[in-house]
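When we follow my numbering, the leftmost residue of the sequence shown carries the number 98, and every step to the right adds one.
Below is one structure, written out as structure tokens, with a few remarks after it.
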Amino acid sequence: MPRVKPTLDGFNLESALTGQVVDRLRPIAPQVYALLREAIIDSRLPPGAPIHEPDLARALSVSRTPLRSALQQLASEGLVETRPQVGSIVAPLNVAEVIEAVFCRSALECEVVRRLSQMSVPQERFRRVMRDQYETALRDDYLAFYRVDEEFHGLLAEMAGVPSAWRLVQSVKPHVDRARLDLMGSIAGRSLAAYNEHVAILGAIMAGDGDLAAHRMHDHVMTVFDALEGAGTVRREANGVMFPA
């Protein structure tokens, strides 16, 4: 079912983070960063949401020091920003950064699958992650599918012997992820469509057709623009190049 997009009406920071638990036996700051990053990406913390440190520290039961470290890292990624007289807020979706990140992601991931197509790939390595994708897609559980989708793309880079390529992709794509989840959550059946795109990519890899695998990966990565174009936030030139509307 398509989701109702979160808004700031009646927004409560502590309610938005209900159920988030920090493991005291592991470093705190990286966990806080990961929890907040995912909450921003899936819009539990929607664009413009105020980030009050005391409320956040209370919601996660952490001290201010690791919290500030996490917020600094999120700010460096453009997910949190500070405004005079307002304080820290969740940054609005930056369409220009989405376009730039999609460009980078396509370049890297197309080369990953092109390289992987020329290698001997044990299909069983993908069996479990493809099964998990299919099951979450059938439920149209876009959040669960997003997590398994990340695992699939990371596995492609790992199997191609270039795991750093996926780390580079992750460093530039937080705004893309926000747009992707908006697409998955607002269009019924989008998770299943993404799964089928993954099947097609994997099929080209197994057939040893690097050009076809790269072409299918390019089309897959570019689907994020469908929702943005439909919402009027990007415009597509005659040559297919995207620009902010």
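Even for Gly, the Cβ is constructed at its ideal location relative to N, Cα and C.
CA-to-CA distance, residue j to residue i, given in whole angstroms
{"i": "Q117", "j": "H295", "result": "31 Å"}
{"i": "Q230", "j": "P151", "result": "38 Å"}
{"i": "C207", "j": "Q182", "result": "44 Å"}
{"i": "Y130", "j": "G305", "result": "39 Å"}
{"i": "E232", "j": "S261", "result": "29 Å"}
{"i": "G286", "j": "L164", "result": "37 Å"}
{"i": "A311", "j": "M227", "result": "19 Å"}
{"i": "L97", "j": "D237", "result": "With the chain covering 98 to 342 only, the question about residue 97 has no answer from this structure."}
{"i": "L105", "j": "S112", "result": "13 Å"}
{"i": "L142", "j": "A136", "result": "5 Å"}
{"i": "H315", "j": "L168", "result": "33 Å"}
{"i": "H149", "j": "P124", "result": "22 Å"}
{"i": "I284", "j": "H317", "result": "16 Å"}
{"i": "R222", "j": "G307", "result": "19 Å"}
{"i": "R313", "j": "T162", "result": "45 Å"}
7 Å Cβ cutoff met for residue i and residue j
{"i": "V159", "j": "H272", "result": "no"}
{"i": "V119", "j": "R202", "result": "no"}
{"i": "S173", "j": "A126", "result": "no"}
{"i": "L289", "j": "A301", "result": "no"}
{"i": "L176", "j": "A188", "result": "yes"}
{"i": "A276", "j": "V321", "result": "yes"}
{"i": "F108", "j": "A146", "result": "yes"}
{"i": "A234", "j": "Y292", "result": "yes"}
{"i": "A198", "j": "V269", "result": "yes"}
{"i": "L110", "j": "P144", "result": "no"}
Where residue i falls: helix, strand or coil (DSSP)
{"i": "R123", "result": "coil"}
{"i": "G107", "result": "coil"}
{"i": "V318", "result": "helix"}
{"i": "V118", "result": "coil"}
{"i": "S185", "result": "strand"}
{"i": "M98", "result": "Interpretation of M98 is limited by its pLDDT of 47, a score under 50 that renders its predicted location unreliable; the figure taken from the coordinates is listed afterwards. Looking at M98 - three-state DSSP - the assignment turns out to be coil, as it is neither helix nor strand."}
{"i": "P144", "result": "coil"}
{"i": "A304", "result": "coil"}
{"i": "Q220", "result": "coil"}
{"i": "I284", "result": "coil"}
{"i": "D139", "result": "coil"}
{"i": "R313", "result": "helix"}
{"i": "R275", "result": "helix"}
Residues near residue i in its chain [Cβ-Cβ closer than 8 Å; skip 5 each side]
{"i": "L278", "result": "I138, D139, S140, Y239, L240, Y243"}
{"i": "A257", "result": "V209, V210, R212, L213, M216"}
{"i": "L157", "result": "L114, Q117, V119, V129, L132, L164"}
{"i": "L171", "result": "Y130, L133, R134, I137, V177"}
Residue range of the unbroken beta strand (DSSP E) whose run includes residue i
{"i": "T179", "result": "177-180"}
{"i": "S261", "result": "Here S261 belongs to no beta strand (DSSP E); instead the alpha helix (DSSP H) covers 260-269."}
For residue i, the first and last residue of its enclosing alpha helix (DSSP H)
{"i": "V210", "result": "192-214"}
{"i": "H250", "result": "239-256"}
{"i": "A156", "result": "150-157"}
{"i": "R161", "result": "161-173"}
Own chain partners of residue i with C-beta closer than 6 Å, once the 5 adjacent residues on each side are dropped
{"i": "T179", "result": "S185"}
{"i": "M98", "result": "Only weak support exists for where M98 lies, its pLDDT of 47 falling under 50; the value from the coordinates is given anyway. No residues qualify anywhere along the chain."}
{"i": "G251", "result": "W263"}
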